[in-house]
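A.B. asks:
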Amino acid sequence: MARDAFFDHQRRELLRLSASSTVWLAFAASPLSALAQPAGGPPLKIGMVGSGREGGALGTAFVNAGHPVMFSSRHPEELKGLVDSLGPLARAGTVEQAIAFGDVVAIVVPYTAMEEIGKEHAAALAKKAVVIDVSNPIARRDGDELAKWVEQQGGAGLATAKLLPGAHIVRAFNAINYMKLSEDAHRPGELVAVPIAGDDQNAIAIASNLIREIGFEPAIVGGLAMGKYLVPGTPLGGEHTSAEIRQIVANLH
Ligand SMILES: NC(=O)c1ccc[n+]([C@@H]2O[C@H](COP(=O)([O-])OP(=O)(O)OC[C@H]3O[C@@H](n4cnc5c(N)ncnc54)[C@H](OP(=O)(O)O)[C@@H]3O)[C@@H](O)[C@H]2O)c1
Numbered sequence: 494m495a496r497d498a499f500f501d502h503q504r505r506e507l508l509r510l511s512a513s514s515t516v517w518l519a520f521a522a523s524p525l526s527a528l529a530q531p532a533g534g535p536p537l538k539i540g541m542v543g544s545g546r547e548g549g550a551l552g553t554a555f556v557n558a559g560h561p562v563m564f565s566s567r568h569p570e571e572l573k574g575l576v577d578s579l580g581p582l583a584r585a586g587t588v589e590q591a592i593a594f595g596d597v598v599a600i601v602v603p604y605t606a607m608e609e610i611g612k613e614h615a616a617a618l619a620k621k622a623v624v625i626d627v628s629n630p631i632a633r634r635d636g637d638e639l640a641k642w643v644e645q646q647g648g649a650g651l652a653t654a655k656l657l658p659g660a661h662i663v664r665a666f667n668a669i670n671y672m673k674l675s676e677d678a679h680r681p682g683e684l685v686a687v688p689i690a691g692d693d694q695n696a697i698a699i700a701s702n703l704i705r706e707i708g709f710e711p712a713i714v715g716g717l718a719m720g721k722y723l724v725p726g727t728p729l730g731g732e733h734t735s736a737e738i739r740q741i742v743a744n745l746h
């Protein structure tokens with residue numbers, strides 16, 4: 494089997510089976526794993542919906558970890574500088590192309606755009622192994638009406654699930670400033686933890702692995718209903734170790 498075809502097969506198998514951590518361990522222990530660039534397994538195709546400050550920084554981290562990434566914009570030509578600077582693993586496209594490209598899709602847009610993205614792309618997003626929702630409803634930016642609607646749904650996690658029906662959503666990276674993503678990655682000593690909330694174990698396993706690969710520690714805080722705590726300005730916002738996150742979560746209940 495040609496090397497690309499081999500990795501394609503491995504990638505599909507891992508996406509299918511990643512809920513079992515033994516699968517990742519088995520792959521990591523195999524001599525073939527030395528051929529793969531990312532530390533945790535074969536490369537996953539990642540589509541970035543939103544490639545601004547946070548989406549650009551997060552997509553860059555995924556490229557640096559060895560994953561092919563399509564950055565998207567409503568004006569993809571404006572992403573030329575970014576993708577040229579990142580080399581052959583990075584490319585630019587429309588939102589539709591990035592969603593089609595990704596095994597994993599990260600949505601990193603002002604929360605006001607989420608409804609439109611859902612209307613146009615929910616069916617395609619529902620077919621993805623993971624949709625990482627990095628977006629936050631912020632009243633001063635997105636308006637009181639939207640913030641109130643999100644609150645009525647039970648917070649950002651459940652609101653995103655309503656706007657993207659059928660998607661395997663996890664919330665993660667929501668309250669780590671884009672400038673800190675490169676600064677804090679692979680920090681010596683105790684790693685910075687990324688709180689993650691979701692209902693789908695397979696999606697959580699894949700997202701957790703990506704978090705480790707880019708130099709952070711995943712800290713699962715609960716189901717999507719807990720996603721309301723993953724916004725800036727809440728106790729979980731900013732940077733914490735996983736022990737600190739466990740302590741904060743215990744005090745939320
Ligand atoms: N900045 C941070 O440090 C940070 C940290 C954690 C989470 N976040 C969250 O991440 C989200 C983005 O923040 P940001 O600071 O990265 O914003 P930003 O720099 O303004 O980038 C916004 C991105 O969203 C895209 N976008 C806007 N409307 C869209 C639509 N209707 N369809 C598709 N794409 C659309 C824009 O693409 P175009 O090129 O098409 O305009 C742009 O790439 C926010 O929800 C924010 O709360 C930000």
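Using the working numbering, the first residue of the sequence shown is number 494, and each one after it goes up by one. Glycine included, every Cβ here is placed at the ideal spot set by N, Cα and C.
#1: Please return the same chain residues whose Cβ sits closer than 8 Å to the Cβ of LYS655, not counting the five positions on each side in sequence.
#2: So is the beta-carbon of GLU547 under 6 Å away from any non-hydrogen atom of ligand 1?
#3: DSSP state of GLY574, grouped into three classes?
#4: Give every residue of the same chain whose Cβ lies closer than 7 Å to the Cβ of ILE697, excluding the five residues on either side of it in the sequence, and list them in chain order.
#5: Please report the straight-line C-alpha distance between VAL623 and ALA591, rounded to a whole angstrom.
#6: Taking the alpha-carbon of LEU582 as reference, which of SER544, ALA593, THR553 and ASP596 has the nearest alpha-carbon?
#7: Three-state secondary structure (DSSP) at ASP626?
#8: Report, in whole angstroms, the separation of the C-beta atoms of LYS621 and VAL588, which I expect to be a contact under 8 Å.
#9: For GLU609, count neighbouring C-beta atoms within 10 Å of its own C-beta (all shown protein chains included) and say buried if the count is 16 or more, exposed if not.
#10: Any idea what DSSP makes of VAL601, helix, strand or coil?
#11: Could you pull the start and end residues of the alpha helix (DSSP H) that ARG705 belongs to?
#12: At a threshold of 6 Å, does GLU644 count as lining ligand 1 (C-beta to nearest heavy atom)?
#13: My output table needs one value for GLU608: the three-state DSSP class, helix, strand or coil.
#14: Can you tell which of LEU551, GLU571, GLU570 and HIS568 has its C-alpha closest to the C-alpha of GLU562?
#15: Of all the options PRO725, GLY648 and VAL687, which has the alpha carbon lying nearest to the alpha carbon of ARG739?
#16: Three or more beta-carbon pairs under 8 Å between the segment 567-577 and the segment 600-609, yes or no?
#17: Does at least one heavy atom of ligand 1 sit under 6 Å from the Cβ of TYR609?
#18: Can you list, in chain order, the residues of its chain with a C-beta nearer than 7 Å to that of LEU657? Leave out the 5 residues immediately preceding and following it.
#19: Measuring from the CB of PRO535, is there a heavy atom of ligand 1 at a distance below 6 Å?
#20: So, are the CB atoms of SER565 and MET541 less than 7 Å apart?
#21: Does ligand 1 have even one heavy atom less than 6 Å from the beta-carbon of PRO688?
#22: Note down the Cα distance separating GLY659 from HIS679, rounded to an integer number of angstroms.
#23: Starting from MET563, follow the beta strand (DSSP E) in both directions and report where the run begins and ends.
C.D. replies: Looking at the atomic coordinates:
#1: On the sequence shown, residue 655 is found 162 positions in, with the first residue counted as 1. These residues qualify, in order along the chain: GLN646.
#2: Here the question's residue 547 lines up with position 54 in the sequence shown. The answer is yes for GLU547.
#3: By 1-based counting over the sequence shown, the position of residue 574 is 81. Helix.
#4: Translated into positions along the sequence shown, residue 697 becomes position 204. VAL663, ILE689, GLY691 and ILE713.
#5: Stepping through the sequence shown from its first residue, residue 623 is reached at position 130. Stepping through the sequence shown from its first residue, residue 591 is reached at position 98. So the alpha carbons of these two residues sit roughly 14 Å apart.
#6: Within the sequence shown, the letter at position 89 stands for residue 582. For LEU582, the nearest C-alpha among the options comes from THR553.
#7: Along the sequence shown, read from residue 1 onward, the residue named residue 626 stands at position 133. Three-state result, ASP626: strand.
#8: Counting from 1 along the sequence shown, the entry for residue 621 is found at position 128. Counting from 1 along the sequence shown, the entry for residue 588 is found at position 95. With 8 Å as the limit, LYS621 and VAL588 do not qualify as a contact, their Cβ atoms being about 13 Å apart.
#9: Your numbering for residue 609 matches position 116 in the sequence shown. Looking at its Cβ environment, which holds fewer than 16 other Cβ atoms inside 10 Å, GLU609 is exposed.
#10: Residue mapping note: residue 601 aligns to position 108 of the sequence shown, counting from 1. Residue state, collapsed to three classes: coil.
#11: Along the sequence shown, one-based indexing puts residue 705 at 212. For ARG705, the enclosing alpha helix (DSSP H) begins and ends at 694-706.
#12: Locating residue 644 in the sequence shown gives position 151, where the first residue counts as 1. In terms of side-chain proximity, the C-beta atom of GLU644 is found no nearer than 6 Å to any non-hydrogen atom of ligand 1.
#13: Walking along the sequence shown from the start, residue 608 turns up at place 115. GLU608 falls in the helix class under three-state DSSP.
#14: Position 69 of the sequence shown holds residue 562. The sequence as given places Val at residue 562; Glu does not occur at that position. VAL562 has its Cα closest to that of LEU551, out of LEU551, GLU571, GLU570 and HIS568.
#15: Taking the sequence shown and counting its residues from 1, one reaches residue 739 at position 246. Nearest C-alpha to ARG739: VAL687.
#16: Contact between the segment 567-577 and the segment 600-609 is absent, because fewer than three Cβ pairs lie under 8 Å.
#17: Against the sequence shown, residue 609 aligns to sequence position 116. It should be pointed out that residue 609 corresponds to Glu in this sequence rather than to Tyr. Within the cutoff, so yes.
#18: Start at 1 with the first residue of the sequence shown, and residue 657 comes out as number 164. Cβ within range, chain order: GLY611, ALA615, LEU618 and VAL624.
#19: For the purposes of this step, residue 535 is taken as residue 42 along the sequence shown, with counting starting at 1. In this structure, PRO535 has its CB at a distance of at least 6 Å from all heavy atoms of ligand 1.
#20: By 1-based counting over the sequence shown, the position of residue 565 is 72. By 1-based counting over the sequence shown, the position of residue 541 is 48. A distance below 7 Å separates the beta carbons of SER565 and MET541.
#21: For the purposes of this step, residue 688 is identified with residue 195 of the sequence shown, where counting begins at 1. Residue side-chain check: PRO688 keeps its Cβ at 6 Å or more from all non-hydrogen atoms of ligand 1.
#22: As a first step, residue 659 must be located in the sequence shown, where it is residue number 166. As a first step, residue 679 must be located in the sequence shown, where it is residue number 186. CA-to-CA, the gap between GLY659 and HIS679 works out to about 34 Å.
#23: Working through the sequence shown from its first residue, we reach residue 563 at position 70. From DSSP, the beta strand (DSSP E) with MET563 extends over 562-565.
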